[in-house]
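Only one structure is covered here, and it is reproduced in the block below.
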Ligand SMILES: Nc1ncnc2c1ncn2[C@@H]1O[C@H](COP(=O)(O)OP(=O)(O)OP(=O)(O)O)[C@@H](O)[C@H]1O
């Protein structure tokens with residue numbers, strides 16, 4: 049986790065208004081954002097297209113200038129700085145882009161050397177730095193080739209090496225993995241994580257994918273119409289999202305909870321009492337679940353679920369069929385509620401609609417959704433490009 053807690057980047061009521069299409073119209077791309085990004089963290093900015101993410105991040109290196117409020121980078125308020133005085137601030141900030149923005153007429157080495165040439169580094173020092181960076185991003189064997197011969201992932205590695213060339217303290221990544229396939233995405237996210245851990249660089253990641261946040265971000269801000277509607281530790285935001293927009297994003301990354309359709313099918317197969325129980329590192333682990341059920345003389349069978357990692361901590365849920373006498377099931381549910389969140393779906397004969405802590409809206413734009421539960425005993429493979437999720441379907445006795 050990040051060591052320091054000072055705000056290396058501070059948005060202070062930062063606002064950016066662009067002229068709109070019609071006469072007198074305006075677009076408030078960033079609307080009075082107040083936010084601190086801490087030194088040494090990987091900070092995610094997530095939002096739908098047009099939410100203002102790119103503009104917010106472009107305020108950090110003054111590619112866009114604020115029209116209200118200010119942005120303070122490493123103690124320097126950018127609002128009133130001249131272009132000349134912005135130069136040293138910009139030198140401390142690297143940036144990578146979705147479309148890589150490499151120079152096609154230069155080799156890989158030439159691309160990485162470019163910012164060093166601009167900064168006036170002597171030849172020998174430049175060559176040594178380029179070799180070091182090629183090594184760091186794992187492209188030592190590609191030094192002399194042209195970008196057109198590289199895969200997307202390799203191009204982004206070159207982009208990252210170029211952004212790191214002048215030893216910045218901050219790296220901005222604007223949808224750096226959005227043009228990449230899932231496997232390459234994982235590689236590039238791993239590289240960004242190494243940049244943060246091994247070089248101590250503060251990384252700001254813009255994304256519209258909650259899986260990116262889940263994989264590497266320490267903290268996250270959720271944007272909507274120019275405003276930050278929620279900000280917090282990634283784990284906290286995943287485990288208890290407060291805003292509807294956040295809930296929808298979380299649902300796209302955690303597909304561990306049964307949708308109404310899946311639940312209906314589970315009920316035809318399992319006639320007992322069905323509950324979904326939150327699992328995290330503090331409470332609700334499967335050991336706690338098993339012990340609680342035993343104490344109440346209730347049998348439990350896992351019928352659906354998934355446990356993944358959020359910010360490198362376990363998180364997810366198990367949907368369990370409970371079978372027991374009289375009030376023992378209700379007592380077991382109450383005992384579980386004392387340690388974690390529980391969605392009580394009732395039984396096939398007496399179903400319950402729930403919207404508890406763990407219940408999330410179905411994602412708007414996620415065509416994948418939860419996998420269909422297979423035949424009893426079937427075990428489905430890991431879900432999605434980011435791995436780490438295992439789907440348990442059928443029936444596994446606790
Ligand atoms: N130079 C500009 N002139 C006018 N309007 C702009 C300009 N740049 C951005 N906007 C508008 O500001 C709003 C926020 O855009 P921005 O690109 O920051 O959003 P975003 O969340 O990064 O979206 P995307 O993921 O699609 O890039 C949008 O309505 C956009 O049309």
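Residue numbers (the working numbering): 49 to 446. For every residue, glycine included, the Cβ atom is placed at its ideal position computed from N, Cα and C.
Close-in-space but distant-in-sequence residues of the same chain around residue i (CB under 7 Å, 5 per side omitted)
i, result
"residue 444", "349, 350"
"residue 227", "146, 147, 200"
"residue 223", "146, 254, 255"
"residue 68", "74, 75"
"residue 211", "142, 143, 144, 219"
"residue 55", "84, 85, 86"
Top-ranked residue by Cα proximity to residue i, from the options
i, options, result
"residue 64", "74, 70, 158, 55", "74"
"residue 265", "55, 131, 85, 115", "85"
"residue 157", "272, 187, 166, 132", "187"
"residue 167", "377, 216, 229", "216"
"residue 190", "154, 397, 373, 356", "154"
"residue 205", "159, 170, 246", "159"
"residue 338", "310, 329, 368", "368"
"residue 242", "202, 184, 356, 299", "184"
"residue 272", "360, 116, 293, 172", "293"
"residue 83", "125, 269, 72", "269"
Check whether residue i and residue j have beta carbons under 8 Å apart
i, j, result
"residue 88", "residue 261", "no"
"residue 297", "residue 358", "no"
"residue 267", "residue 248", "no"
"residue 377", "residue 384", "no"
"residue 152", "residue 194", "yes"
"residue 118", "residue 274", "no"
"residue 108", "residue 141", "yes"
"residue 388", "residue 323", "no"
"residue 177", "residue 213", "yes"
"residue 327", "residue 364", "yes"
Contact set for residue i: own chain, Cβ-Cβ below 6 Å, skip 5 residues either direction
i, result
"residue 81", "59, 62, 276"
"residue 420", "With a pLDDT of 37 at residue 420, under the threshold of 50, the modelled position of that residue is not reliable, and the figure given next carries that caveat. Cβ within range, chain order: n/a, list empty."
"residue 394", "400"
"residue 291", "277, 278"
"residue 103", "64, 77, 78, 112"
"residue 66", "75, 77"
"residue 134", "110"
"residue 414", "With a pLDDT of 30 at residue 414, under the threshold of 50, the predicted position of this residue should be treated as unreliable, and no value is reported."
"residue 192", "155"
Own chain partners of residue i with C-beta closer than 8 Å, once the 5 adjacent residues on each side are dropped
i, result
"residue 345", "372, 373, 376"
"residue 240", "90, 208, 219, 221, 224, 251, 253, 264"
"residue 97", "256"
- In chain order, which beta strand (DSSP E) runs of at least 3 residues are fully inside the region 295 to 376? With a minimum length of 3 residues, the continuous beta strand (DSSP E) runs that stay inside the region 295 to 376 are 321 to 328, 347 to 358, 361 to 371.
- Query: Curious, which full-length beta strand (DSSP E) runs of at least 3 residues does the region 238 to 276 contain?
  - Reply: 250 to 255, 267 to 272, all fully within the region 238 to 276.
- Which whole runs of the beta strand (DSSP E) in the region 92 to 122 are 3 residues long or more, in chain order? Secondary structure in the region 92 to 122: the beta strand (DSSP E) runs of 3 residues or longer, each lying completely within the stretch, are 116 to 121 in chain order.
- Message: Quick check for students: name the residue ranges of the alpha helix (DSSP H) that lie wholly in the region 146 to 180, counting only runs of 4 or more.
- Response: Entirely contained in the region 146 to 180, the alpha helix (DSSP H) runs reaching 4 residues are, in chain order, 156 to 166.
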